[in-house]
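Scroll down for the structure; my scribbles are underneath it.
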Amino acid sequence: MGLFSPPQGTVSMKAFVLAGGAGTRLSPLTSYVPKGMIPIGGKPFIDYVVSYLSKHGVKNIIMLLSDADSEVFRNHLDDGSKFGVNIGYNITPRMGTAAALREASSHVDGTFVVYYGDVFTDLDLSEMIRYHKAKGAMCTLALSTGVKIDYGVGRVDRDGRIEYFAEKPILPEYPVSIGVYVCEPLERTWLQTFFRKLSRRARKSTDSSRKSDITTLARSNSWTRRKTSSNLKRAGRNSQPSADRTVTDRSLGLVFNYDACLLHLFSNSIG
Numbered sequence: 035m036g037l038f039s040p041p042q043g044t045v046s047m048k049a050f051v052l053a054g055g056a057g058t059r060l061s062p063l064t065s066y067v068p069k070g071m072i073p074i075g076g077k078p079f080i081d082y083v084v085s086y087l088s089k090h091g092v093k094n095i096i097m098l099l100s101d102a103d104s105e106v107f108r109n110h111l112d113d114g115s116k117f118g119v120n121i122g123y124n125i126t127p128r129m130g131t132a133a134a135l136r137e138a139s140s141h142v143d144g145t146f147v148v149y150y151g152d153v154f155t156d157l158d159l160s161e162m163i164r165y166h167k168a169k170g171a172m173c174t175l176a177l178s179t180g181v182k183i184d185y186g187v188g189r190v191d192r193d194g195r196i197e198y199f200a201e202k203p204i205l206p207e208y209p210v211s212i213g214v215y216v217c218e219p220l221e222r223t224w225l226q227t228f229f230r231k232l233s234r235r236a237r238k239s240t241d242s243s244r245k246s247d248i249t250t251l252a253r254s255n256s257w258t259r260r261k262t263s264s265n266l267k268r269a270g271r272n273s274q275p276s277a278d279r280t281v282t283d284r285s286l287g288l289v290f291n292y293d294a295c296l297l298h299l300f301s302n303s304i305g
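The working numbering puts the first residue of the sequence shown at 35, with every later residue one more than the last.
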């Protein structure tokens with residue numbers, strides 16, 4: 035259905051918020067309301083996302099929505115003025131991350147943030163943006179190195195004997211994306227292929243012709259992700275800010291301490 039541009043107003047970096055997912059793991063709640071509109075601590079979760087971006091000076095927000103859910107978000111968020119931001123909408127049939135960004139790529143006119151709509155974090159986004167610009171990177175990803183795996187993990191030798199086993203370990207050697215990116219406005223074809231090529235190219239980053247760097251940005255930050263409906267009550271209990279922590283939600287109540295790392299990719303890393 036295309037892009038509804040935000041009204042003229044505050045000029046700042048744009049954020050593209052991906053909020054068009056079906057939320058099947060939160061069923062049956064998402065049969066009645068999109069997951070971004072599920073109330074946490076007395077208000078829709080998307081309010082926390084918008085407030086977080088605004089706090090870090092990101093005042094122009096494009097909501098990437100599916101046509102099935104767009105009306106609910108638009109009725110609630112409107113043009114964003116009640117949050118002190120400008121909100122526009124890109125509405126398409128439900129699709130994946132890369133496709134949703136591709137459909138909105140005509141609205142990219144400078145460095146921009148990609149933010150998963152089921153994420154809230156106390157990651158210092160302002161510092162991440164400064165880091166990104168200082169490195170001259172094509173794209174910077176926030177990674178978590180302190181995520182507990184949901185399952186027991188084992189390793190076997192050639193004879194089939196277990197030589198290592200750990201129940202729900204933390205594997206710092208395999209940092210995971212927390213769903214926050216800062217990117218440059220490269221060509222449309224790059225937006226189409228970036229997420230598909232990222233993992234393949236990043237694995238080759240030890241090649242001197244494909245430079246990449248991982249740097250610790252901050253410690254003892256936290257993030258959570260909405261995951262299943264069983265975590266909703268815990269999320270509600272964690273939704274009130276404390277003196278030293280911003281409330282988070284990427285697992286609906288499962289709060290992880292992590293070392294926030296930034297992986298920045300130079301323009302020759304993805305091709």
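Quick reminder that beta carbons are idealized off the backbone N, C-alpha and C, glycines included.
Cβ neighbour criterion (16 or more within 10 Å) applied to residue i
i, result
"Phe199", "exposed"
"Val187", "exposed"
"Pro203", "exposed"
"Val51", "buried"
"Asp103", "buried"
"Asp191", "exposed"
"Gly114", "buried"
"Ala171", "buried"
Whether residue i touches residue j by CB criterion (7 Å)
i, j, result
"Asn25", "Ala138", "Missing from the structure shown is residue 25; the chain here goes from 35 to 305 and no further."
"Phe117", "Val92", "no"
"Phe154", "Tyr208", "no"
"Ala134", "Leu157", "no"
Presumed contact (8 Å Cβ cut-off) between residue i and residue j, rounded CB distance
i, j, result
"Phe107", "Ile74", "Between Ile74 and Phe107 the Cβ distance is about 16 Å, and since that is not below 8 Å, they are no contact."
"Ile212", "Ser178", "5 Å"
"Asp152", "Gly70", "7 Å"
"Leu111", "Tyr149", "Rounded, the Cβ-Cβ distance is 14 Å, inconsistent with contact."
"Leu98", "Ala168", "About 28 Å; that fails the 8 Å criterion."
Same chain, Cβ closer than 8 Å to residue i, neighbours up to 5 away in sequence not counted
i, result
"Pro127", "Ser100 and Asp101"
"Lys48", "Val92, Asn94, Ile95, Ile96, His141, Val142, Asp143, Gly144, Phe146 and Val147"
"Pro78", "Gly70, Met71, Ile72 and His110"
"Arg189", "Ile196, Glu197, Tyr198 and Phe199"
"Pro219", "Val142, Asp143, Gly144, Thr145 and Phe146"
"Val214", "Val147, Val148, Tyr149, Tyr150, Val153, Thr155, Leu157, Leu159, Met162, Leu175 and Ala176"
Close-in-space but distant-in-sequence residues of the same chain around residue i (CB under 6 Å, 5 per side omitted)
i, result
"Ala277", "Because the pLDDT of Ala277 is 30, which lies under 50, any placement of that residue in the model is unreliable, and the question is left without a value."
"Ile163", "Val216"
"Thr280", "Caution applies to Thr280, whose pLDDT of 32 falls short of 50 and renders its modelled position unreliable; the value that the coordinates give is listed next. For Thr280, where only same-chain residues beyond five positions count, the Cβ hits under 6 Å are Asp156."
"His90", "Leu159 and Ser160"
Close-in-space but distant-in-sequence residues of the same chain around residue i (CB under 7 Å, 5 per side omitted)
i, result
"Leu205", "Ile183"
"Glu201", "Gly186"
"Val67", "Val106"
With a floor of 3 residues, list each beta strand (DSSP E) that falls wholly inside the region 66-139, ordered by position along the chain.
94-100 and 120-126
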